[in-house]
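Enquirer:
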Amino acid sequence: MERLTLAAVLGGTALALSACGGSSSGSAEPPAAPATSPVSSTQAPATPTHSPSATKASAKPQAFTAKIMKIPSRATVKYSWHSGCPVGIDGLRLIQMTYWGMDHKQHDGEMIVNARVAPKIVTVFHKLYDQRYPIRRMELVDKYKGSDFDSIEADNTSAFNCRNATGSSNWSQHAYGLAVDLNTCENPYVHPNGHIEHPACVKYGNRKRTDPGVIHSGDKVVRAFRSIGWGWGGTWGGPWDFQHFSESGR
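In this note's numbering, the protein residues as written are 92 to 341.
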C-alpha cells in the first residue's frame with residue numbers, strides 16, 4: 092500500500108511523511124485500538140488460509156526454489172502496466188518462487204519486480220522461507236485487475252503495480268518495481284488516528300499481537316529486507332505502513 096507525502100504534527104513536532112516505506116529508525120506504535128472503525132477487534136480476515144497454487148505437502152519440506160525470467164507476454168501485466176509507466180516491461184522480471192504458507196505447507200508464488208533488484212528479492216524470500224515465515228498468498232496484482240485495494244483485501248503479498256501514490260500525482264515505488272507489500276492484512280496501513288480502511292484487518296492495528304505473519308520492529312522480516320538495504324514503512328511513527336518495504340524507504 093502507498094500513500095502520498097503527508098505533513099503531520101505529532102507531539103508538537105512537524106514531520107514530513109511519505110507513503111510506502113520509511114527509513115526512520117523510530118519505534119513508535121500506533122493506537123492499540125483504532126477508534127474510527129466500527130469493526131470488532133475479534134473479527135478475522137475473510138480470506139483462505141492458502142492460495143490455489145499450493146504444492147503437495149510432503150513428509151519433509153522441499154528446499155526453496157526460485158526462477159527469475161523476463162515477462163512472458165503483455166498479457167502477464169495486462170492491468171498492472173501501461174504506456175507511460177516509469178519502467179518498461181523489459182525492465183521488469185517475473186519471479187516464480189516457493190513460499191511457506193499460513194497452513195504450514197509449501198506453495199508456489201509469483202511476484203514481479205524491477206530487473207535490477209530481482210536477485211536481491213529472491214535472497215530475502217529465501218531467508219524467510221528457511222525461517223518458516225508464513226505468507227498468506229503471493230499472486231500478481233493483475234489477478235485483481237491492478238486494484239491495490241482488492242489485493243490488500245485478499246491479504247496478498249505483491250510488488251510491481253504501475254500506479255500513483257494514493258491521492259498524489261507522483262509515482263508509487265511499486266510503479267518502479269522497487270517495493271514489496273507483505274501479508275497486507277496482518278500488516279495494515281494505519282492512519283495517524285488509528286483508522287484502518289480494511290475492516291477484516293482492523294484488529295491488526297494492535298501491533299502487540301503475535302499472530303502468524305505479523306511483522307515487528309527488528310524481527311526476521313525487517314532484518315531480511317534490511318540486509319539488502321530496504322526500509323520498512325512500520326518505522327514512520329504515524330501514519331504507519333506495516334506491510335511495506337522499499338529500496339528508497341518511501
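All C-beta atoms, glycine included, are put in the ideal place defined by N, C-alpha and C.
Looking only at its chain, what residues have a beta carbon closer than 7 angstroms to the beta carbon of I319, apart from the 5 residues adjacent to it on each side?
Expert: Excluding positions up to five away in sequence, the list reads K211, T214, V215.
Enquirer: Let's test the definition: count the other Cβ atoms within 10 Å of the Cβ of G322 and tell me whether it reaches 16, buried, or not, exposed.
Expert: Result: buried.
Enquirer: From the DSSP output, in three-state form, read off L231 for me.
Expert: In the structure shown, L231 sits in coil (DSSP, three-state: anything other than H, G, I, E or B).
Enquirer: If the criterion is Cβ atoms closer than 8 angstroms, does the pair N278 and F333 meet it?
Expert: A contact, by the Cβ cut-off of 8 angstroms.
Enquirer: Quick one: grab the DSSP three-state call for A157.
Expert: Of the three classes helix, strand and coil, the one that applies to A157 here is strand, per DSSP.
Enquirer: Can you tell me the Cα-Cα spacing of A266 and R184, whole angstroms?
Expert: Between A266 and R184, the C-alpha separation is close to 13 angstroms.
Enquirer: Note down the Cα distance separating Y170 from Y190, rounded to an integer number of angstroms.
Expert: Distance between the alpha carbons of Y170 and Y190 is about 24 angstroms.
Enquirer: Evaluate contact between the stretch 282-300 and the stretch 248-256, counting only Cβ atoms and requiring at least three cross-stretch pairs below 8 angstroms.
Expert: Judged by Cβ distances under 8 angstroms, the stretch 282-300 makes no contact with the stretch 248-256, as fewer than three pairs qualify.
Enquirer: Look at the Cβ atom of R228, then the Cβ atom of N252, and state whether they are nearer than 8 angstroms.
Expert: No, they are not a contact pair.
Enquirer: With burial defined as no fewer than 16 other Cβ atoms inside 10 Å of the residue's Cβ, what is the status of Q153: buried or exposed?
Expert: Exposed, since its Cβ has fewer than 16 Cβ neighbours within 10 Å.
Enquirer: Going by beta-carbon coordinates alone, are F155 and D199 separated by less than 8 angstroms?
Expert: Their beta carbons are not under 8 angstroms apart, which means F155 does not touch D199 by this criterion.
Enquirer: So for D272, helix, strand or coil by DSSP?
Expert: Strand, per DSSP.
Enquirer: Mark H173 as exposed unless 16 or more other C-beta atoms lie within 10 angstroms of its C-beta, in which case mark it buried.
Expert: When all chains shown are included, H173 counts as exposed.
Enquirer: How would you label A166, buried or exposed, when you count the other beta carbons within 10 angstroms and need 16 or more for buried?
Expert: So A166 ends up on the exposed side.
Enquirer: For A206, which residues from the same chain have a beta carbon less than 7 angstroms from its beta carbon, with the 5 sequence-adjacent residues on both sides left out?
Expert: G182, L183, R184.
Enquirer: Among the candidates C292, V271, K236, whose CA atom is the shortest distance from the CA of V281?
Expert: When each option's Cα is compared against that of V281, the closest is C292.
Enquirer: Of the choices R341, A157, P163, K158, whose alpha-carbon is the least far from that of N261?
Expert: When only C-alpha atoms are compared, the closest one is R341.
Enquirer: Under the rule that 16 or more other beta-carbon atoms within 10 Å means buried, what is P163, buried or exposed?
Expert: Its Cβ having fewer than 16 others within 10 Å, P163 is exposed.
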